[in-house]
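Asker: So the sequence shown is numbered by full-length UniProt numbering: it starts at 1 and just counts up by one.
Here a beta-carbon is modelled for each residue, glycine too, at the ideal position from N, C-alpha and C.
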Amino acid sequence: MEELEGIESLDPREYIIIKGARVHNLKNLSVALPRNKFIVITGLSGSGKSSLAFDTLYAEGQRMYVESLSSYARQFLGRMDKPDVDYIKGISPAIAIEQKVNIKNNRSTVGTSTEIYDYLKLLYARIGQTFSPVSGKQVRKDSVTDVVDFIFSLPESSRVMILAPLPLDRQRDLKRELELLLQKGYARIVVDEEVVFIEDALENNMPKPGKSIFILIDRAVVQPGDEDLQFRIADSVQTAFFEGHSECHVRVMPSAEGQSEKSEELNHVFSDRFELDGIVFEEPNVNFFSFNNSYGACPRCEGFGSVLGIDPDLVIPDKSLTVYEGAIAPWRSDKMNEEFQQPLIKNGIRFDFPIHRPYNELSEQEQQLLWTGNKYFRGLDAFFKHVEAQSYKIQYRVMMSRYRGRTVCPDCRGTRLRKDAGYVKINGVNIMDLVLKPITETLDFFENIQLTEHETRVAERLVLEITKRLSYLKRVGLGYLTLNRLSNTLSGGESQRINLATSLGSALVGSMYILDEPSIGLHPRDGEQLIGVLQSLQKLGNTVIVVEHDEKMMEIADQIIDIGPEAGTGGGNLMFQGTYPEILKDASTYTGKYLSGKMGVPVPDTRRKARNFIEITGARENNLKNVSVNFPLGVITVVTGVSGSGKSTLIKRILHPALQKHLGGHSDATGKFDKIGGATNKISHVEFVDQNPIGKSSRSNPVTYVKAYDAIRTLFADQPLAKARGFKPSHFSFNIEGGRCEVCQGEGQVKIEMQFMADIYLTCESCHGQKFKQDILDIKYQEKSIADVLDMTIADSITFFKDQPKVAEKLKPLDDVGLGYIRLGQSSNTLSGGEAQRVKLASFLTKGATTHNENILFIFDEPSTGLHFHDISKLLSAINALIDKGNSVVIIEHNMDIVKCADWIIDMGPEGGINGGYLLFEGTPEDMVKLDDNYTAQFLKEKL
């Protein structure tokens, strides 16, 4: 089905029509995508799916949008090349949600990256009420309007005096103050209860020290509805606030009938200072709630959320020990034992403290008691104060440094905000509480928020935006995260779904959403929620195009487009377009064969038996609930569980760094756990094979990474013409001077700086993009120059170098892991995360995963990313090859085809976030499917 018949006659208002696409490996492909439908583009890895969706459709949508802008605006945007296509008609504005995970900023949080926190800051600044931490009363400041409203709320004909307290200046005596008041035009003061003329006071009767003195600003009789009086009183109140240094007193005089009230009961004090209980508070504004600026950041931790303090995990390193056995590390020396530990051991019985119970079995109050102490013994807090007091002695300074570590800042509780930001509340909840709650609870708060009429008018739009964005995060399966969670601690799948939720938060209509495998990192249970979100996006009136291999996505798609038949040069054709029931009957494509069951990933005949285990005890990082788990060696172990259940934390924050340090290597900070044990001596080192790029430079490529290029250069240097011209292997490198084209320095293209416009890259005129000088290109092996070889795909090059085992053996692992379609010279920075991960795997296979006397533990983070069913078989063969060489493999994975092929499964759950972090199961797949109330078991049953 290479050419769509009558494509020219279709209506661009109903179809997005692509005619003759030739980007990358696309073979003059023409296809019509129905508008406002849910479309899945599938096919083998490297068949041309992304070339069609992103490099053709999205690139043209973006380019046409940029072309519509003014030349001034275009200078700030990159220059966009027109994709190699005859034409695209009926294209909509395009939004791409790609898999970009690398967030290096250690200040970025879930709240800031989704922009929810920006709305929260604005909301708290606009309608937040400040409460005093002393009395719990609301802090208010009075305005002129408040005072005027009070006066006019009094009964008609009430007589009032507007007074300002006389602030005495230290530089001037009372006499000089009164003279100044006369000069300002004031005639009277009130001394205690008595009105006195200032002139009289100066001549005969100066007020005695200790008397309360007020300036009489104005007197009035309340007449409701008198506008002139209203203006006069407002003016007087303003003056009183100025003269009284932000204080104004309104004294209501007893009425003529001679009321018996005491006059002081009728004295009302107003202040336009924001203070209460002797504390002057800051008035909330947007910067007050911003931890990225010095005004709002917590001064103690400087806006980082953690401080250098006493780390409880260093003080009590082995939590399975009892106090009697020496659980408290600093109290193990003879001196400290006698002074601090013995009083606790001898007197523990007096306050019923269990000195023979392991620390991790003590109640929270009992653990806290070890820190605070009581009248019978001094606790750890007193101990460290004692050590600090002695810090002029070197041994005490050494001891202090041994137990220091990064701990959550006690002032801001890790939220990085200044402490007094917590005094501002809405419905009794401050912004710190809100960002530390799981998103589901934060959403409940906003759905049930109670606001006054005025607050509703101010905050309605903000609450709507916050609620909408929070509900999208919940719907894409991230309800267990908090808004305070750091972006760089999220797993790959979580980062991608945050990008998706952010895009959905500003959902447009009549657009084209192009998504790159949104199901990555999602347990099948959570995949169903995601499908619902994408369908709602389509129902709004958008065309949703998803590059995907997930079977459930294909089932609900309005259209499936299958690109193939093979990868690389063997792909780029339209193999199938139609519905899910139609593709099941189509036996010409790999997708059809796998979906219909004609082909499949076979279940292993036998499961390998583990002889040794690595044991992790008491893992408590993030949401892990004191988990103890065994990782078998010499087998494939898959760690699975719903999204947010604690898989990544267990492997990336505990197993990997703990093993690295145990084996004498360097690693990132290890999460909280008790100890690592078992057969750690049975492995020589640990390799974490993640999806980070293999090289950021445009010169790095897969062939240099697996060390195959050295053999290719040597081969060309051995050709007779090369020897005659005196060329060495280094002449065939585009990284160093010699054989490379010096005009473009081996890049193949030249950057031209366009001053105020975007830089443009043009093919080098000297080497025509071939990177080498002409006399190097003259050297041929089997009629191919070095540039021709770099332009071959891996699969083609293996055939080409079949007579050169040194080269072919190095290239074959790349083909074995399903990368036969990439070109030898393809730049590393153009590879996807999944491709980069498989290049790393190939490099280990190239080394023969080194020799048999090395036992490496390989950890893979979702290696099925970007893989079609057919490629998973290849990946599993490559992973099994590592095991056959005596290594061990641990895989974080949700793909059931990989889970069913594991020798051992570790399942975390039962839910995500606070309701996750428990070990639900460890054992074989056959034992797992016997479980009834387990999400993974339900989906695994379908595959076994």
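If you pair each beta-carbon of the region 624–633 with each one of the region 913–927, do three or more pairs fall below 8 angstroms?
Answerer: Touching, yes, given that three or more Cβ pairs across the two stretches are closer than 8 angstroms.
Asker: Are the CB atoms of I95 and Y513 within a distance shorter than 9 angstroms?
Answerer: Cβ atoms of Y513 and I95: closer than 9 angstroms.
Asker: When DSSP builds the beta bridges, which residues end up paired with C248?
Answerer: Answer is F270, bridged to C248.
Asker: Quick one: is V398 buried, meaning 16 or more other Cβ sit within 10 Å of its Cβ, or exposed?
Answerer: Flag for V398 reads exposed.
Asker: Buried or exposed: which applies to L944, given that a residue is buried once 16 or more other Cβ atoms fall within 10 Å of its Cβ?
Answerer: The residue is exposed, with fewer than 16 neighbouring Cβ atoms inside 10 Å.
Asker: Quick check: the Cα distance between D420 and D516, rounded to an integer number of angstroms?
Answerer: About 43 angstroms.
Asker: Skipping 5 residues on each side, what residues in its chain have a beta carbon closer than 6 angstroms to that of M1?
Answerer: For M1, the pLDDT reaches just 42, beneath the cut-off of 50, and the residue's location in the model is therefore unreliable, leaving the point undetermined.
Asker: Can you tell which of K941, D690 and G641 has its C-alpha closest to the C-alpha of M908?
Answerer: Of the candidates K941, D690 and G641, the one whose C-alpha sits nearest the C-alpha of M908 is G641.
Asker: Indicate whether the contact test is met: 3 or more Cβ pairs, each with one atom in the region 686–697 and one in the region 858–866, closer than 8 angstroms.
Answerer: Because the criterion of three Cβ pairs below 8 angstroms is met, the region 686–697 and the region 858–866 touch.
Asker: Do you know offhand how far A389's Cα is from P299's?
Answerer: Rounded to whole angstroms, A389 to P299 spans 24 angstroms at the Cα level.
Asker: Between T112, P167, F772 and H249, which has its C-alpha nearest D146's C-alpha?
Answerer: Here the closest residue by C-alpha is H249.
Asker: Let me confirm a value: F270 is counted as buried when at least 16 other C-beta atoms fall within 10 Å, else exposed. Which label applies?
Answerer: Burial call: buried.
Asker: Counting C-beta neighbours from all protein chains within 10 Å, is the total for L314 16 or more, i.e. buried, or is it exposed?
Answerer: Classification for L314: exposed.
Asker: Would K425 pass as a contact of T482 if the rule is Cβ separation under 9 angstroms?
Answerer: Not in contact: K425 and T482 (Cβ atoms no closer than 9 angstroms).
Asker: Closest by CA to V190, which one among V134, Q138 and M253?
Answerer: Out of V134, Q138 and M253, M253 has the C-alpha closest to the C-alpha of V190.
Asker: Between which residues of its own chain and K593 is the CB-CB distance below 7 angstroms, once the five residues before and five after are set aside?
Answerer: Hits under 7 angstroms: A587 and M599.
Asker: At 3 residues or longer, what runs of the beta strand (DSSP E) sit wholly inside the region 176–212?
Answerer: Runs of the beta strand (DSSP E) inside the region 176–212: 188–191 and 194–197.
Asker: Would you mind reading off the limits of the alpha helix (DSSP H) that contains N630?
Answerer: No alpha helix (DSSP H) holds N630; the beta strand (DSSP E) holding it covers V627 to P632.
Asker: For V40 versus M554, is the C-beta distance shorter than 9 angstroms?
Answerer: Yes, the pair counts as a contact, with Cβ atoms nearer than the cut-off.
Asker: Is V547 closer than 9 angstroms to T865 when the C-beta atoms are compared?
Answerer: No, the pair does not count as a contact, with Cβ atoms beyond the cut-off.
Asker: Compare the Cα-Cα distances from S491 to each of P12, V750 and G644 and report the closest residue.
Answerer: Closest option to S491, Cα to Cα, is G644.
Asker: Return helix, strand or coil for F734, following the three-state DSSP convention.
Answerer: In this structure, F734 counts as coil in the three-state DSSP scheme.
Asker: Alpha carbon to alpha carbon, what distance is there between R404 and I310?
Answerer: Answer to the nearest angstrom: the Cα atoms are 5 angstroms apart.
Asker: For residue 962, does the three-state DSSP call read helix, strand or coil?
Answerer: Absent from the structure is residue 962, since the part of the chain shown begins at 1 and ends at 944.
Asker: Specify the secondary structure class of P343 as computed by DSSP and reduced to three states.
Answerer: Helix, per DSSP.
Asker: Buried or exposed: where does F351 fall if 16 or more other Cβ atoms within 10 Å of its Cβ makes it buried?
Answerer: Answer is exposed; the Cβ neighbour count stays below 16.
Asker: If we ignore side chains and look at the alpha-carbon of each, how far apart do M64 and D11 end up?
Answerer: Using only the alpha carbons, I get a separation of about 20 angstroms.
Asker: As a quick exercise: from E494, S536, E275 and K539, pick the residue whose alpha carbon is nearest that of I522.
Answerer: According to the sequence provided, residue 522 is Leu. The question's Ile does not apply to it. Looking at the Cα atoms, E494 is the closest of the given residues.
Asker: Under 6 angstroms Cβ to Cβ from F869, same chain only, skipping five residues before and after it: list those, please.
Answerer: Cβ within range, chain order: Y594.
Asker: Got a sec? Which residues, its chain only, sit under 7 angstroms from G20 by beta carbon, not counting five neighbours each side?
Answerer: Within the same chain, G20 has close Cβ partners N28, S30, V85 and D86.
Asker: L216 and Y186: beta carbons closer than 9 angstroms?
Answerer: Result yes, Cβ atoms of L216 and Y186 sit closer than 9 angstroms.
Asker: To the nearest angstrom, how far is the alpha carbon of H268 from that of F274?
Answerer: Answer to the nearest angstrom: the Cα atoms are 17 angstroms apart.
Asker: If you follow the beta strand (DSSP E) that R300 is in, where does it begin and where does it stop?
Answerer: From DSSP, R300 is part of no beta strand (DSSP E); its letter is neither H nor E.
Asker: Based on Cα-Cα distance, which residue from E742, L762 and Q745 lies nearest to K751?
Answerer: Of E742, L762 and Q745, the residue nearest in Cα terms is L762.
Asker: Alpha carbons only, please: which of V66, V817, F54 and G90 is nearest the one belonging to L33?
Answerer: That would be G90, whose Cα lies nearest to the Cα of L33.
Asker: Could you check whether K137 and L276 sit closer than 9 angstroms to each other, using their CB atoms as the reference points?
Answerer: Yes, the Cβ-Cβ distance between L276 and K137 is below 9 angstroms.
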